[in-house]
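Written out below as structure tokens is the structure these notes cover.
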Amino acid sequence: MNLTPEQRAVAGHLCGAFVEACPGSGKTRAIVARVGRIARTLPANRGVAVLSFTNSAIDEFAARCREHGLEPVLRFPNFVSTFDGFLRHFLFAPGGVEGVVHRPVVVDSWDSLGIEIRLRRPNAHAGPGVSLDRFSAEDNRIDPATIGMPPLRDHVARHQGEYERVAAARRAGLRQRGYFSAADVRAEVVRRLLHNDWAASMGRALAARFAEVIVDEGQDCNPLDCRIIDWLRAARIPVTIVADPDQAIYGFRHGTPADLRAVANGYSADDRLPLTGNFRSGPAICAIAATLRQRARPDISMDEAAYFLEPVHIAAYPGRLVTNAIGAFFLERLHEAGVAPSNSLVLAHGRKIALRACGSGADEDAGDSKVARVAAAVGAMWTSTSRGRERALNAIEEIILDLMGSIDEGEPVRRAVERHGIDGRWLRRSALNVLTALPRTCEDTDAARAEWVERLRQEVRSLRLAYREGVSERRYFPSRAGASWHRCLSAGPVASLRAATVHEAKGKQYDAICVVIPPDAQGSPRTDQLVRSWETRLDDEAKRVVYVGLTRARRLAVLALPHAVRDRVAAVLTAAGAHYRMHQI
């Protein structure tokens, strides 16, 4: 596999290790080599578990295994999945859940079901509710400081006890119906580990199955994950963790770099291994990335990456809004560098910001009508990465099931399909056919809107669904004058760009990346705080988010930021001797 000496050391280390890896250091290659070496020494009934925190990282690992003829590593008795998948498969689902008669349904987050916590009068809040994900799965407590919107944050702070009581009751009701979030699963597993007999027997069973557990992207561990890893090690199961503390961007899951350091300190000095050298990004990207982390020395660009000599482009935009002028600027740089838009991505911390830079309103509030939901799904289908496309398909599946009267409010598609005996493959094909057949754009005229809606009706009619009583395409998808859902659809040249959150792009790489930093909203000086931590090298998650986004780039990186902070950022980059070019757009 043409490994470097550091990669060979990771592959050949004879016990569990803590590996600190910088971006682009070839950690996936080293993990594949390590798993291949271990698997060759094992009997037929023992394997290795390879876990990560994103499906994209698991997909990358699987692709590398196939590339090197290691397909058996992906099959029993090995286990290749997300950390969540491991918990569900071995520690949560077997034996069911005490007090729950329904088959458990696990969702990634309560946000995916739109579950919010609201207070009733007289303490009701006029604005949005609080996602149940904001409340601890262990004790339903909430930290108001984690809420970005000042009015809602203040309201939660004033009525914190009441919010927590409502959240506890809502979670208990969901549990009774068999619904759990990924965070609830972790809390349930940790509670089970407190029962010594159960923990000991489960530890023996896993030790008999797995010669080692490898945890990739270890910086994404939260405190509950760390406790589970400590239990695995106490059960005499070797655990190798591969991590980059500077890429810890899951603070909303209550994880911090300090948690990771505590886990790392549990390994001896001989079992702490480095992976250095960046085989992905050019020198200019490495130099600017180094200004965003605690380690000031830039990573060295290796092999082909050392010849990517393009400077990082800083695009300062005016005003208080992110616009598609950023996307247009990015397209110009792509053309100059000879990079196809399909090999690029526009990133931001929030999806709306990235989509706005691409000229798409797919995540904007364009109304709650069924037409608006379909338009948003079409917009997301053509401007998002795989995770956004999956959400778009799921939205259309929900609409198809609703037309048939086969889904309850707030019910996951998976459970509705099982309950009614519907062919899930047929449902997915139907949703895909509708999404891909509808026009990607719609002009802001009533005639254009009416034509688009009629096309939608035709596509749904072609599915030959058995509608619930009182439903027709015309009633279900009305065409209203002056509706704003057309904003969900992209238009113009920037429609060729794709957008994603930094969290979705984590673990991936692209020839070109544009990271968009939004302007400060009134009462929420997040960008100012980001730049202040950048200037002072203080630890800050918002800064780590920019770091992760920037280090996805191979050849070309654009950093779009508000004009108000242009000079401050330029001073930081100049002091570091970074190679950049400033633009005003």
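Using the numbering used here, the first residue of the sequence shown is number -17, and each one after it goes up by one. By construction, the Cβ of each residue, glycine as well, lies at the ideal position given by its N, Cα and C atoms.
Bounding residues of the beta strand (DSSP E) (the contiguous stretch that carries residue i)
i, result
"S461", "First-last for S461: undefined, no H or E at that position."
"A139", "Segment 132 to 140 is the alpha helix (DSSP H) holding A139; no beta strand (DSSP E) there."
"G29", "29 to 34"
"E2", "0 to 3"
"V87", "87 to 89"
"L329", "326 to 330"
"R279", "That residue, R279, is in no beta strand (DSSP E); it is neither H nor E in DSSP."
Nearest-angstrom Cα separation, counted from residue j out to residue i
i, j, result
"Y529", "V89", "29 Å"
"R243", "I211", "13 Å"
"F58", "A359", "37 Å"
"E517", "V551", "8 Å"
"A287", "R28", "39 Å"
"E170", "E80", "10 Å"
"G237", "C208", "9 Å"
"N(-16)", "F162", "44 Å"
"S454", "G109", "33 Å"
"G233", "N105", "29 Å"
"L69", "K488", "22 Å"
"G259", "I267", "13 Å"
"D93", "L114", "8 Å"
"Y449", "I382", "9 Å"
"P54", "A187", "22 Å"
"R539", "R315", "In the sequence under discussion, the amino acid at residue 539 is Ala, which differs from the Arg named in the question. Each residue's Cα considered, the two are about 9 Å apart."
"D121", "M184", "25 Å"
"L479", "G6", "24 Å"
Cut-off 6 Å between Cβ atoms - residues of its own chain near residue i, not counting five sequence neighbours on either side
i, result
"W213", "L175"
"Q229", "Q201, V530"
"A269", "P280, A560"
"D428", "A463"
"A481", "V328, A336, L337, C340, T365"
"V442", "E455"
"P227", "Q201, P239, L242"
"T273", "V554, A558"
"G370", "A362"
Neighbour-count burial assignment, residue i, 16 or more Cβ in a 10 Å radius
i, result
"A164", "buried"
"T36", "buried"
"A127", "exposed"
"W467", "buried"
"S342", "buried"
"H331", "buried"
"V83", "exposed"
"E318", "exposed"
"Q566", "exposed"
"Y299", "buried"
"D198", "buried"
"Y289", "exposed"
7 Å Cβ shell around residue i - same chain, five flanking residues per side excluded
i, result
"A432", "S461"
"T10", "E42, F43, R46"
"Q491", "R262, R534, R536"
"T509", "I499, P500, P501, D502, P544, V547"
Residue i, enclosing alpha helix (DSSP H) - first and last residue
i, result
"C208", "205 to 216"
"V453", "Counting along the chain, V453 falls outside any alpha helix (DSSP H), and DSSP gives it neither H nor E."
"P265", "265 to 272"
"E314", "307 to 319"
"S183", "178 to 191"
"Y529", "523 to 532"
"H485", "484 to 487"
"S368", "368 to 386"
For residue i, the nearest candidate out of the options (CA to CA)
i, options, result
"L303", "P544, R548, L(-4), I20", "P544"
"D66", "V167, D115, R116, L114", "V167"
"A182", "D207, L73, P227", "L73"
"A251", "L206, R135, E2", "E2"
"A139", "I308, V112, E49", "V112"
"Y145", "C4, R123, R157, M131", "R123"
"V(-8)", "P5, G6, V17", "V17"
"A150", "A187, L134, I99", "I99"
"D426", "A246, W434, A419", "W434"
"D38", "V195, T367, V148, D125", "For the record, residue 38 in the displayed sequence is Ser; it is not Asp. Among V195, T367, V148, D125, the Cα nearest to that of S38 is on T367."
The ligand ATP heavy atom lying under 7 Å from the CB of residue i
i, result
"R514", "This structure lacks the ligand ATP, and indeed carries no ligand of any kind."
Cutoff 8 Å: residue i Cβ touching any chain B Cβ
i, result
"G370", "Although the question refers to chain B, the structure presented lacks it and comprises just one protein chain."
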